[in-house]
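Student: When the letters of the sequence shown are read in order and numbered with UniProt numbering, they come out as residues 1 to 538.
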Amino acid sequence: MPPTLASVVRNSSLHLTVLAGADHLERPVRWVHTSELDDPTPFLEGGELLLTTGIKLGTSTKSLQAYVHRLADAGVVGLGLGVGLSHTEVPQPLVEAAAQRGLPLLRVPEPTPFIAISKAVSAALAAEQYEAVTTSFEAQEELTRAALGQNGTAAVVRRLAARLGGWAALYDSSGALSVVAPDWAARRAARLATEVDRLRRRPAPASAALQGRAPGFDTADEDFVVVQSLGADRRARGFLAVGTEDRITPTERYVLNAAVALLTLTLERSRELRHAEERMGAALLRLVLAGQVGTARQVAAGLFGGLPEGTIRILVAGATPAGERDDAGVPVHDLTELAERAEQAGGRAGEKLLVAREPARDVKEGTPHGERLVLLAVDGGAVHRACLGAVEEHEGLAIGVSAAAPVEDAGSAYAQAERALAVALRGGRRSVGHEEVGAGSLLPLLGEDAVAAFAEGLLRPLREHDRTARGDLVASLRAWLSRHGQWDAAAADLGVHRHTLRYRMRRVEELLGRSLDDTDVRMELWLALRSGEESATL
């Protein structure tokens with residue numbers, strides 16, 4: 001801490017006497033300045049102990065009050081008047097004005113030169129700076145040792161909390177709380193979820209400082225809190241929050257910055273390790289999808305402790321046309337963040353997970369662009385839930401989910417997830433499960449534009465007839481096909497005689513130039529009729 005007026009007064013070699021403002025001696029002294037001007041404030045920055053002999057001070061109460069007010073308004077922390085030159089004693093109106101304004105007033109005896117006061121304060125400031133540097137280096141060494149030890153990330157958070165005399169918390173890139181110290185601060189750290197989520201949506205580096213009941217910080221505790229993003233590029237790898245009773249000092253800020261640097265380095269190093277693990281996991285996933293489950297089990301046993309047990313699901317995620325893209329049109333961040341959230345959820349739940357990135361096989365409009373993310377996860381587990389939650393938050397992502405299956409059937413599950421993703425992308429939906437596709441029709445799997453063009457071309461002669469002549473051929477054809485060619489039932493549905501219906505079906509054959517006895521013709525016509533009904537649901 002910088003020296004205070006109280007510590008300056010306690011210096012017995014200076015022989016200073018407090019005449020006013022004794023209740024305000026704990027103010028820190030940032031510098032000592034000497035001036036004989038009646039208005040020295042243009043040359044002050046605030047935080048000074050001002051020394052003067054009072055040569056140009058007026059003698060009237062009004063002028064002395066104005067002088068004191070100018071100094072107090074400028075942030076002067078104390079006034080020292082040297083006696084024995086211009087004034088044999090400190091003028092009583094000056095004492096009264098200083099007392100009224102709460103400005104500490106010191107009597108400087110004639111034997112005490114102003115330079116002695118300046119030297120004393122300068123020495124105290126230098127000692128304070130030296131102590132700050134020493135403390136900072138000690139803290140940096142302590143934090144570095146913690147980072148290099150076992151479970152270094154958690155150790156750094158614990159040591160930082162102890163150094164600051166408060167609490168510290170680490171959040172992963174998804175905003176989930178991963179480490180907090182001490183344990184009693186868990187509830188306070190959890191209340192920062194809104195603030196952390198706000199920083200997640202800003203480019204890194206980003207930080208926020210708040211206190212007590214600031215927006216997003218719902219707590220009765222009057223903590224001073226600082227939240228800082230972690231990461232070496234524009235995308236945060238995590239977030240660090242610290243809480244203290246008082247605002248952090250410059251020395252504590254240095255310690256906090258050292259912790260941010262160490263945690264960033266640790267997270268980046270962990271990211272490189274994760275990338276290597278992801279590459280191995282991707283190779284294993286490709287073995288599983290290729291049906292080589294036995295080989296994959298043997299390799300996974302040595303690397304990851306085995307494959308996911310029980311029933312699994314394959315999830316395939318891709319970017320939607322609304323997703324954020326770079327200058328080359330490739331989606332950015334969304335798939336990376338989804339992969340990280342899946343891994344973090346799996347790590348917290350102790351679930352095994354295989355993840356692979358692959359280029360999209362079809363880059364036509366409405367299908368994944370650039371690459372897709374393929375995940376093999378435990379059915380209904382934390383990873384499964386995290387992925388579904390993530391795509392609901394990002395309009396730039398869609399995901400297809402297979403039916404539950406054993407690992408041995410992962411290849412078939414992969415095909416199901418691909419089809420489900422295609423349906424999601426064509427229909428503008430965030431997620432689609434195989435159950436929705438498998439229980440429905442063939443239409444969602446077909447290109448919407450292609451089906452619409454096919455239906456329009458095939459049914460055009462019938463629709464033109466219905467607009468210009470009597471007889472609803474399109475509705476009659478739909479009723480007849482839905483009744484599998486049963487004349488009486490279809491005629492009853494239409495409310496016409498069966499002979500009328502027979503005549504209409506002959507007109508359909510004439511206009512289309514096709515026989516309704518042909519099964520392929522019936523199938524194509526039914527597909528064309530159904531496409532108009534299905535397109536509204538896609």
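Where a beta carbon is used, it is the ideal one built from N, C-alpha and C, also for glycine.
Residues bridged to D172 by DSSP?
Tutor: Reading the sequence shown from its first residue, position 172 is the one you call residue 172. DSSP, once it has assigned bridges, lists G238 as partnering D172.
Student: Closest by CA to I399, which one among A424, V108 and H87?
Tutor: As a working note, residue 399 is residue 399 in the sequence shown. Nearest option by C-alpha distance: A424.
Student: Leaving out five residues on either side along the sequence, give the residues of the same chain with a beta carbon under 7 Å from the beta carbon of D39.
Tutor: If you number the sequence shown from 1, residue 39 lands on position 39. For D39, where only same-chain residues beyond five positions count, the Cβ hits under 7 Å are R70.
Student: Tell me whether the beta-carbon of L51 lies closer than 7 Å to the beta-carbon of V29.
Tutor: Within the sequence shown, numbered from 1, the residue matching residue 51 stands at position 51. Within the sequence shown, numbered from 1, the residue matching residue 29 stands at position 29. Result no, Cβ atoms of L51 and V29 do not sit closer than 7 Å.
Student: In its own chain, which residues sit with a C-beta less than 7 Å from the C-beta of E141, not counting the 5 before and 5 after it?
Tutor: Within the sequence shown, residue 141 is the residue found at index 141, counting from 1. If we look at E141 and ignore the five residues flanking it on each side, it has no Cβ neighbours.
Student: Quick check: what's the CA-CA separation for T336 versus R522?
Tutor: Here the question's residue 336 lines up with position 336 in the sequence shown. Here the question's residue 522 lines up with position 522 in the sequence shown. Approximately 47 Å between the Cα atoms of the pair.
Student: Output the distance between the C-alpha atoms of V508 and S531, rounded to the nearest integer angstrom.
Tutor: Taking the first residue of the sequence shown as 1, we reach residue 508 at position 508. Taking the first residue of the sequence shown as 1, we reach residue 531 at position 531. Approximately 19 Å, taken between the alpha carbons.
Student: Since W480 is in the alpha helix (DSSP H), which residue starts that stretch and which ends it?
Tutor: As a working mapping, residue 480 is identified with position 480 in the sequence shown. Counting along the chain, the alpha helix (DSSP H) containing W480 begins and ends at L473 to S482.
Student: In angstroms, rounded to a whole number, what distance separates the CA positions of G47 and A99?
Tutor: Residue 47 sits at position 47 when you count from the first residue of the sequence shown. Residue 99 sits at position 99 when you count from the first residue of the sequence shown. Using only the alpha carbons, I get a separation of about 18 Å.
Student: Whose C-beta lies closer than 8 Å to the C-beta of L473 among residues of the same chain, with five residues either side of it excluded?
Tutor: Within the sequence shown, the letter at position 473 stands for residue 473. Hits under 8 Å: L462, H465, D466, R504, R507, V508 and L511.
Student: In chain order, what residues of the same chain lie with their CB nearer than 7 Å to the CB of A498, ignoring the 5 residues before and after it?
Tutor: Stepping through the sequence shown from its first residue, residue 498 is reached at position 498. What sits at residue 498 in the sequence shown is Arg, not Ala. Answer for R498: W487, D488 and A491, listed in chain order.
Student: Drop a sphere of 10 angstroms on the beta-carbon of R372, count the other beta-carbons inside from all chains shown, and report buried for 16 or more, exposed for fewer.
Tutor: The count along the sequence shown starts at 1 and reaches residue 372 at position 372. Answer is buried; the Cβ neighbour count reaches 16.
Student: Using only alpha-carbon positions, find the residue among A74, P3 and L79 that is nearest to A20.
Tutor: Start at 1 with the first residue of the sequence shown, and residue 20 comes out as number 20. The shortest C-alpha separation from A20 is found at L79.
Student: Can you give the Cα-Cα distance for D23 and D197, rounded to whole angstroms?
Tutor: Here residue 23 corresponds to residue number 23 of the sequence shown, with the count starting at 1. Here residue 197 corresponds to residue number 197 of the sequence shown, with the count starting at 1. Approximately 44 Å between the Cα atoms of the pair.
Student: Does the beta-carbon distance from A410 to L375 come in below 7 Å?
Tutor: As a first step, residue 410 must be located in the sequence shown, where it is residue number 410. As a first step, residue 375 must be located in the sequence shown, where it is residue number 375. Not in contact: A410 and L375 (Cβ atoms no closer than 7 Å).
Student: Is G55 helix, strand or coil by DSSP?
Tutor: Counted from its first residue, the sequence shown places residue 55 at position 55. According to the sequence shown, residue 55 is Ile rather than Gly. Note: I55 maps to coil in three-state DSSP.
Student: Kindly indicate which residue of P3, G380 and Q298 has the alpha-carbon position closest to the one of S122.
Tutor: Position 122 of the sequence shown, counted from the first residue, corresponds to residue 122. Checked all of P3, G380 and Q298; the closest Cα to S122 is P3.
Student: On a CA-only basis, which of E524, L516 and G294 is nearest W453? Give me that one, please.
Tutor: Locating residue 453 in the sequence shown gives position 453, where the first residue counts as 1. Correcting the residue identity first, residue 453 is Ala in this sequence and not Trp. The residue with the shortest Cα to Cα distance from A453 is E524.
Student: Which two residues bound the contiguous alpha helix (DSSP H) that contains E358?
Tutor: On the sequence shown, residue 358 is found 358 positions in, with the first residue counted as 1. Taken as a continuous stretch (DSSP letters only), E358 belongs to no alpha helix (DSSP H), being part of the beta strand (DSSP E) at L354 to E358.
Student: Let me see if you follow: with CB-CB separation under 7 Å, is T4 close to chain B or not?
Tutor: In the structure shown, chain B cannot be found, because there is only a single protein chain.
Student: Is the distance from the Cβ of G428 to the Cβ of V401 below 7 Å?
Tutor: The count along the sequence shown starts at 1 and reaches residue 428 at position 428. The count along the sequence shown starts at 1 and reaches residue 401 at position 401. Contact flag unset, no.
Student: How close, in whole Å, do the beta carbons of R101 and A72 come, if the pair is a contact with beta carbons under 8 Å?
Tutor: Mapped onto the sequence shown, residue 101 falls at position 101. Mapped onto the sequence shown, residue 72 falls at position 72. The pair is a contact, with the Cβ atoms about 5 Å apart (cut-off 8 Å).
Student: Is the beta carbon of H97 less than 7 Å from the beta carbon of Q65?
Tutor: On the sequence shown, residue 97 is found 97 positions in, with the first residue counted as 1. On the sequence shown, residue 65 is found 65 positions in, with the first residue counted as 1. Checking the sequence shown, residue 97 turns out to be Ala, not His. Contact: yes.
Student: Distance, Cα to Cα, R502 vs S482?
Tutor: Position 502 of the sequence shown, counting from 1, holds the residue named residue 502. Position 482 of the sequence shown, counting from 1, holds the residue named residue 482. Rounded to whole angstroms, R502 to S482 spans 15 Å at the Cα level.
Student: List in chain order: all unbroken alpha helix (DSSP H) runs of 4+ residues lying wholly within the region 84 to 164.
Tutor: Entirely contained in the region 84 to 164, the alpha helix (DSSP H) runs reaching 4 residues are, in chain order, 92 to 101, 114 to 148 and 152 to 164.
Student: Assign L307 to one of two classes, buried (16 or more other C-beta atoms within 10 Å of its C-beta) or exposed (fewer than that).
Tutor: For the purposes of this step, residue 307 is taken as residue 307 along the sequence shown, with counting starting at 1. By the neighbour-count rule (16 or more Cβ atoms within 10 Å), L307 is buried.
Student: So, with DSSP's three-state summary, where would you put V32?
Tutor: The residue given as residue 32 occupies position 32 in the sequence shown. If DSSP states are grouped into helix, strand and coil, V32 belongs with the strands.
Student: Straight-line CA distance for L164 to L265?
Tutor: As a working note, residue 164 is residue 164 in the sequence shown. As a working note, residue 265 is residue 265 in the sequence shown. When rounded, the distance between both Cα atoms is 21 Å.
Student: According to DSSP, is F43 helix, strand or coil?
Tutor: Translated into the one-based positions of the sequence shown, residue 43 becomes position 43. F43: helix per DSSP, three-state reduction.
Student: Taking the beta strand (DSSP E) that V226 falls in, what are its first and last residues?
Tutor: Locating residue 226 in the sequence shown gives position 226, where the first residue counts as 1. Its beta strand (DSSP E) spans residues F224 to L230.
Student: Specify the secondary structure class of V269 as computed by DSSP and reduced to three states.
Tutor: Translated into positions along the sequence shown, residue 269 becomes position 269. Reading off the sequence, residue 269 comes out as Arg, not Val. If DSSP states are grouped into helix, strand and coil, R269 belongs with the helices.
Student: Note the first and the last residue of the continuous beta strand (DSSP E) segment covering A72.
Tutor: Counting from one through the sequence shown, the residue named residue 72 turns up at place 72. Unbroken run through A72 is the alpha helix (DSSP H), T61 to D73; no beta strand (DSSP E).
Student: Kindly indicate the opening and closing residues of the beta strand (DSSP E) around S13.
Tutor: Here residue 13 refers to the residue found at position 13 of the sequence shown. Unbroken run through S13: none, as it is neither H nor E.
Student: Near T112, what residues of its chain come up, given a Cβ to Cβ distance below 7 Å and the 5 sequence neighbours on each side ignored?
Tutor: Numbered from 1 along the sequence shown, position 112 holds the residue referred to as residue 112. The answer, listed in chain order, is L14 and H15.
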